[in-house]
Structures are given as structure tokens and as C-alpha cells.
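So for the sequence shown, our numbering puts the first residue at 365; every next one is plus one.
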Amino acid sequence: MEINKLINLCKELQGTWEDRPFGPDNSVMKVGDKMFAIISEDKGLRINLKCDPDFALVLREQYSYIIPGYHMNKRHWNTVVINDDVDIELLKNLVKDSYSLVFNSLPKKVRQRIQGTQ
């Protein structure tokens with residue numbers, strides 16, 4: 365998978381926008397004002413995703429390309445190292461799960477504005 369495809373996968377989710385607060389080499393994908401993914405190519409293509417802490421541990425045990433979140437809270441974030449072994453459907457689901465965790469933590473008014481129901 366290429367970086368642009370990974371960015372576009374995130375941008376397909378409602379209300380998502382790209383920021384670069386950590387410099388040009390890191391795309392931070394946000395919903396509202398909170399990040400749900402960080403995409404980086406500085407040490408090979410990878411994506412940091414928020415994850416339920418218990419599920420994060422299961423994923424790390426099951427998949428060699430999923431590791432504790434690089435430069436993140438390792439309890440709540442995983443890093444997916446993008447390589448030929450990555451299950452693309454799993455990756456898509458992990459992106460959606462990360463988005464949902466962050467979206468659901470936003471204030472009700474912000475969620476309604478993003479959904480166009482306010």
C-alpha cells in the first residue's frame with residue numbers, strides 16, 4: 365500500500381481532515397480536533413491507530429506487523445507496519461475502529477455538526 369492510499373482510506377471517514385503538526389513527514393488524521401491516525405514514512409510506511417487496550421494486546425500477539433504505538437501511549441495506540449504481510453481488510457477495520465473511538469469521545473455538539481444533524 366502507498367502512503368496516498370492510506371491517507372485516502374482515512375479521509376473517506378466523515379469529518380476527517382489532515383494536519384501536519386509534527387512536520388512534513390507525518391500526516392495526522394483528525395476528526396473534530398482529535399487525532400485518530402498518524403501516518404509516517406520516516407522508517408518505512410506505518411500508521412499509528414488508537415485501539416481498545418485489551419484488543420490492542422490481542423492484535424500484537426496475533427500479528428507480527430502490529431506493535432505498541434511508536435511515540436504514543438502504548439496502552440491505547442498500536443503501530444501497524446505496512447508491509448506485504450498486512451491484511452488490508454484488517455487494516456481498514458482498524459482505521460475505522462480508531463476513528464470510532466475518537467469520534468465517540470467528541471462532545472455531542474461536535475459529533476452532530478460532523479454528521480450534519482445539528
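The beta carbon of each residue, even a glycine, is placed where N, CA and C say it ideally should be. All values derive from a computational prediction rather than experimental measurement.
Beta-carbon proximity of residue i to residue j, cut-off 7 Å
| i | j | result |
| --- | --- | --- |
| residue 441 | residue 468 | no |
| residue 367 | residue 421 | no |
| residue 414 | residue 466 | yes |
| residue 374 | residue 459 | yes |
| residue 369 | residue 383 | no |
| residue 471 | residue 439 | no |
| residue 443 | residue 452 | no |
Buried versus exposed call for residue i [16 or more other C-beta atoms within 10 Å across all chains shown]
| i | result |
| --- | --- |
| residue 380 | buried |
| residue 481 | exposed |
Proximal residues to residue i (C-beta, below 7 Å), its chain only, five neighbours per side dropped
| i | result |
| --- | --- |
| residue 475 | 467 |
| residue 385 | 392 |
| residue 455 | 444 |
Cβ-based neighbour list, residue i, same chain, cut-off 8 Å, excluding 5 preceding and 5 following
| i | result |
| --- | --- |
| residue 478 | 378, 379, 395, 396, 467, 470 |
Taking contact to mean at least 3 C-beta pairs separated by less than 8 Å, is the region 414–433 in contact with the region 384–394?
-> Judged by Cβ distances under 8 Å, the region 414–433 makes no contact with the region 384–394, as fewer than three pairs qualify.
Meets three-Cβ-pair contact criterion under 8 Å: the region 394–410 and the region 430–447 | By the Cβ test, the region 394–410 is in contact with the region 430–447, since at least three Cβ pairs between them sit closer than 8 Å.
Length-filtered (3 minimum) beta strand (DSSP E) runs lying within the region 420–449 | Listed in chain order, they are 430–432, 441–445.
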